[in-house]
Structures are given as structure tokens and as C-alpha cells.
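Residue -19 is where the sequence shown starts when you use my numbering, and the numbers rise one by one after that.
Here is the structure we will look at, set down as C-alpha cells.
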Amino acid sequence: YANIAWRRGGKTEPPPPRRQVLLGPLFWLIEKPWRRLACLGVTVSAMLGVLLFLTPPAEYLPEGEEAKVFATMIAPPGYSLEEMNGIARELEAELLPALDQDPAAFERGETEFPALTRVSINVQAESLRIISETKEPKQINALMDKLDERFRSYPGMRAFSSRGSIISSNDGGTRAVALNISGPELPGIYQTALDVYQRAGEVIGGARINSVPASLRLGQPLLEIRPKWERLAEMGFGAPDFGFAVSALTDGAFVDEFFLNDDKVDIFLFSDALNRQRLDRITDLPVRSPAGAVVPLGALAEIRETVDTAQIRRVDGQRTVSLYIIPPRSMPLETAVAKVRDEVVTPMRRGGALPAGVSLDLTGASDQLDATKSSLAENMWIAVVLCYLQLVIIYRHWGSPFLILATVPLGISGGLVGLWLLNFIGGKLPLLGIAPVSQPFDMITMLGFLILLGTSVNNPILIVDRTMENRREGMETVDAVKDAIAARLRPVTMTTSTTLMGLAPLVFLPGAGTELYRGVGAIVLFGLACGSVVTLTFLPALLTLVLPATDRVMAWWHSRAAADPET
């Protein structure tokens, strides 16, 4: 490398031997045109390959999960509160011993449930909900699977479990593919919802599916109380008064509210029978009329036994049943949305499986994901334009900033490679007895690209600025680039290494909440590392090809202008 030289104090002298080891290959790369073209071709091809094959499917937001389980058992129509209370007592007897056990006992297969720190059970006639927390956070998924399995052991029961979240509601909100089934008639809506529920479970293996309303069958036993209007008029009843009286005798009627200190307290009027009320005695309930007479309810209304739904939900004014499909953790939200759309919704629409007037609409986190990606892309382009204009002001030239910004896509591809490496190596950690690490490609992780845009151009600015200065002093382009590399190598390595050391704890040190910021750190860390390599290889090759070509174009233009002054 006898031809390698650098300037110090206005003199040209060979670089120190240690620098020759690094500078030699860099200078060799730009000495021949074919080497420069090969460098550009390999780099651009690698970038395109990374963008095409290593860009992972997107998630919406980090889950921000806690070691808590929210497990719901959904009863079929016909279950009473007494039956659900009986099931709750059985589950309570099985779960309470887990409060005193050692977490290692579950690992050894000695206990059915993982060790718990707390457990609470809420019972309703149509559902039962368990909120629990494990002593060992890594056993939380096992607890969810065990509870789901236990729930489904009861005839006709459906199970839905999700982890607690500090970001969204505790129903898988940031990962839920919401599907609204709307239409004019409830039978068609509920049948379609049941078909979608079954198809989604087959298409996305291991998915957890919730529904609102909870039951997907129109089989809930109900009593219809149809007023006898002529009889009510004779007794002096109006429709509001009669409705209030019936509510008070059955489910309870809202009376008023008052404030106790800063708390608002609702007042309800209930029958003294409460939950002991029997359906076969509804007709005998005494009702006091405004005139003071007491008559049985059956004398004022016709009471019919029927089956239907106890809840009607409306979205945009239409009767709607909503399904919330939460894919397994191994499947990104974007992939799950595509599978539901392509393998569930589209075949049902094209195959004529939808009743007349029934529609299927994907909403929820899937819509929010698309909207956020679109907004982030717009912000990225705005940031690029602002960065370009700032460089134009600095260089007072419209073309030079393009040389610097050409390194940005390469830095972005480096961030994607880093994210892939993080997940690949993190998935192998259990072989060493360490908990696995998985970082989704969520919207917060994507913010790393915006940060990378502003930081990855710093090193290229040093190289381009020194090259332009050398050319103004009369140096040949190749020599100007070599001098820029030699002079700026130390600042580039210093700034990059200190930044990487500062980001390393965010990426590599585990801890509570690391999933919220690990992705941003990985994108910026690996993007800067890749950008530094690009600054010393791709950018010099680009400069030594583009700048002479620009000089030739400008010389031709000036010669043409001189030959034809009128132009």
C-alpha cells in the first residue's frame, strides 16, 4: 500500500501502520472502476434482498403484558346462576391449593396448575371469569392453557383467556382481529357468527376467540311480558309506570342517584325475593296500581316463554355480533389479518355462505395497524424531505444531499437484519437454559427508522464534506475520497462506537418492560453499525463514480453553451 497517503499539517505522508491495515482494503476497493461497480452492485442487491425477504409482518403495539390471566368461561343458553356457582366452587377448590405451592412443583409435573399469587372468581348466569397471577411469570401461558382445558371439560362451555396488559384492555386488544357480523335479522347474524368462529379456529390454529355477545346461539330461555293495554288503562297504569313496576319485581329498577362525599351512588329498587324468584310464579307477583288496588301481574300482562338472546348489540345502527380473534404469539397480527381476510371472509362472501343482508367487516387492531402504518410512512417521507432541504441549505447545492441520503435505505436494511438476528438468536437461548427473546415488528419498533434517518446521515456528511473540500483544492476525485476516508475514519469510529455502547443495554439486557423499547434500540443500533460500514465502503465507491460523471456532464454542458451562446 505504498500509494496510500494522508495529509497532516499540510503535508502528505503515509498513515500509521495500524491504520494501513484498515485503510488499505478501503482504498483498494475504490482504485478500479470495476471494483466500485461491484461494491455498489453487491450492496444494493443485499439491501433489496433484506427488504424483500427479512422484513417481518407487522404488529400494532407492544402487548405490555403482565403475569396475569383473565380467563372467561362462556356458558351455553339455559345455565342458571346456581349451576354456575356450583362450577365456581369446584374450580375454587382446585385453584386454592396452588396459592401455597412451589413453582418448581409444576415444572416437575407434580401439580395440575402453576403456583399462584392470587385468584379471584366472578360468577354470572351466562359466564364465569377468573383473574389470577402466577408466581413464576414464564408459567403464565401454561396457566391459560390449563384453565381453557378445564373450562371446556364442562358440557357446552366455551373458553377465552388472555394476558393482562398495561397498554390495552385485558382482552388481547393490541393483537385482536375484530370481525363485525352485521345484518337485519338475528338468526342469520348468529348463524354466520358461529360459522366464522369455527372457520377461524381451523384457519388459525391455537387462536383464542372471544365474542360479544358472549353466546353465539339464540337459545337463551326468556320470558316476554306483553302488556294488556286495555286492562292497564282501567287500572290507571301508563307504560312507564308499568315498566318500572315489572323491572322492580324482576331484575331491579333504577330510582335515582346521590353523591356520598365525592362518590356517585345509584339507587335501585329490587323485589325482596331477589335471586330466589321463580319463573313459574312470575304471573302471581303482586302489583300495586296507581289507584291503590293490588292485582297479580298475570292479570295485567300476557307472559310467554320463548328462546332468544338476552343482549342485542348495535354498531353504526345495525344489529351486530363481534368476534375477536387473537392469534398465537408465534403469528404476527398482520399475518393473522391476511389469513382471516383471505381464508375466512373472502371465501364466505364468494361462496354464497352469507345470508341476505349480512356483512362481514374487519375492524379493531387490524384497522388501526393499517392507519398507523400509513401515517408513519407519510411522516417518514416528510422527514426525508426536511433532511434533504436542511442539507441543501448547508451545502448550497441541490445534488450533493442525494449522495448522503443514498445511505439511508442501506442503514434501514441493516436495522432489519439486526431485528432478524435478535429474534433468531433469541429463539435459540433456551438451548442455554435462558428464557427466549422475541421482539415483534410493532409500530414503536418502526419509530426506530425515523430516529435512524436523523442519525445515520451524520457519518456520511463527514465523508462528503471532506471530499468536496479536497476537490475544491484541486485534488483528483479518487485521491480526495481517500483523504476523506483517512481523515474522518477516527471521528466515524468514535461516534459510532460510543452510540452503540449507549444503545447496547436497551437491546441486550433483559428486564420488565424491555419489549416496549428493545425494538427501537435494535433498529437504531444495528442500523448505525451497518451505516458506518456503508459510509466507508458504499459511499466512497458511489462518490468516485458519480462525481467524475458529474464533472463530464457539466463540462459538456459548458462546452455546448460556449459553442452556441444563444442557448
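By construction, the Cβ of each residue, glycine as well, lies at the ideal position given by its N, Cα and C atoms.
Source: prediction; values computed, not measured.
Limits of the beta strand (DSSP E) - the one that residue i falls within
| i | result |
| --- | --- |
| residue 285 | 281 to 288 |
| residue 126 | Where residue 126 is concerned, there is no enclosing beta strand (DSSP E), although the alpha helix (DSSP H) it sits in stretches over 120 to 132. |
| residue 163 | 157 to 163 |
| residue 304 | 298 to 306 |
| residue 240 | 233 to 240 |
| residue 436 | No beta strand (DSSP E) holds residue 436; the alpha helix (DSSP H) holding it covers 423 to 436. |
Inter-residue CB distance, residue i and residue j (contact presumed, cutoff 8 Å)
| i | j | result |
| --- | --- | --- |
| residue 67 | residue 108 | 6 Å |
| residue 265 | residue 229 | 5 Å |
| residue 161 | residue 316 | The pair is not a contact, with the Cβ atoms about 18 Å apart (cut-off 8 Å). |
| residue 523 | residue 472 | In fact, because the Cβ distance is near 15 Å, the residues do not count as touching under 8 Å. |
| residue 280 | residue 211 | 6 Å |
| residue 126 | residue 92 | 7 Å |
| residue 500 | residue 303 | Not really, about 33 Å apart at Cβ, beyond 8 Å. |
| residue 141 | residue 154 | Actually they are not in contact, since the Cβ atoms of residue 141 and residue 154 sit about 16 Å apart, beyond 8 Å. |
| residue 83 | residue 129 | Actually they do not touch by this definition, with Cβ atoms about 20 Å apart. |
| residue 192 | residue 293 | 6 Å |
Identity of the residues DSSP links to residue i by a beta bridge
| i | result |
| --- | --- |
| residue 52 | 109, 140 |
| residue 347 | Per DSSP, none; premise fails for residue 347. |
| residue 179 | Note: residue 179 sits in no beta bridge, so no partner. |
| residue 244 | 239 |
| residue 205 | 283 |
| residue 341 | 160 |
| residue 192 | 302 |
| residue 276 | 266 |
| residue 294 | 299 |
| residue 38 | 421 |
| residue 249 | 233 |
Proximity of residue i and residue j at Cβ, strictly below 8 Å
| i | j | result |
| --- | --- | --- |
| residue 520 | residue 10 | yes |
| residue 27 | residue 416 | no |
| residue 223 | residue 249 | no |
| residue 498 | residue 487 | yes |
| residue 363 | residue 427 | no |
| residue 39 | residue 312 | yes |
| residue 387 | residue 440 | yes |
| residue 424 | residue 42 | yes |
| residue 380 | residue 437 | no |
| residue 272 | residue 57 | no |
| residue 299 | residue 169 | yes |
| residue 218 | residue 269 | no |
| residue 525 | residue 16 | yes |
| residue 157 | residue 305 | yes |
| residue 52 | residue 396 | no |
| residue 463 | residue 455 | yes |
| residue 334 | residue 321 | no |
| residue 394 | residue 297 | no |
| residue 511 | residue 344 | no |
| residue 143 | residue 72 | no |
| residue 201 | residue 285 | yes |
| residue 208 | residue 314 | no |
| residue 468 | residue 451 | no |
| residue 221 | residue 234 | no |
| residue 54 | residue 194 | yes |
| residue 6 | residue 476 | no |
| residue 465 | residue 3 | yes |
Enclosing alpha helix (DSSP H) for residue i [first to last residue]
| i | result |
| --- | --- |
| residue 315 | 313 to 320 |
| residue 65 | 61 to 75 |
| residue 227 | 219 to 229 |
| residue 116 | Segment: none, residue 116 is in no alpha helix (DSSP H) and carries neither H nor E. |
| residue 184 | Note, residue 184: premise wrong, no alpha helix (DSSP H); not H, not E. |
| residue 96 | It is not in any alpha helix (DSSP H) - residue 96 instead sits in the beta strand (DSSP E) that spans 96 to 103. |
| residue 467 | 457 to 488 |
| residue 514 | 494 to 516 |
| residue 376 | Element bounds for residue 376: n/a, residue is neither H nor E. |
| residue 197 | Careful: residue 197 lies outside any alpha helix (DSSP H) and carries neither H nor E. |
| residue 396 | 388 to 408 |
| residue 333 | Residue 333 -> no alpha helix (DSSP H), and no H or E assigned at all. |
| residue 33 | 13 to 33 |
| residue 83 | 83 to 87 |
Validate contact between the region 530 to 542 and the region 408 to 428 using beta carbons, cut 8 Å, 3 pairs: Because the criterion of three Cβ pairs below 8 Å is not met, the region 530 to 542 and the region 408 to 428 do not touch.
Below 8 Å, how does it come out for the region 187 to 199 and the region 235 to 245: are there three or more Cβ pairs, yes or no? Segments in contact, no.
Kindly confirm or deny that the region 112 to 132 and the region 70 to 90 touch, where touching means at least three C-beta pairs closer than 8 Å. yes
Counting pairs of Cβ atoms below 8 Å between the region 89 to 97 and the region 326 to 343, do you hit three or more? no
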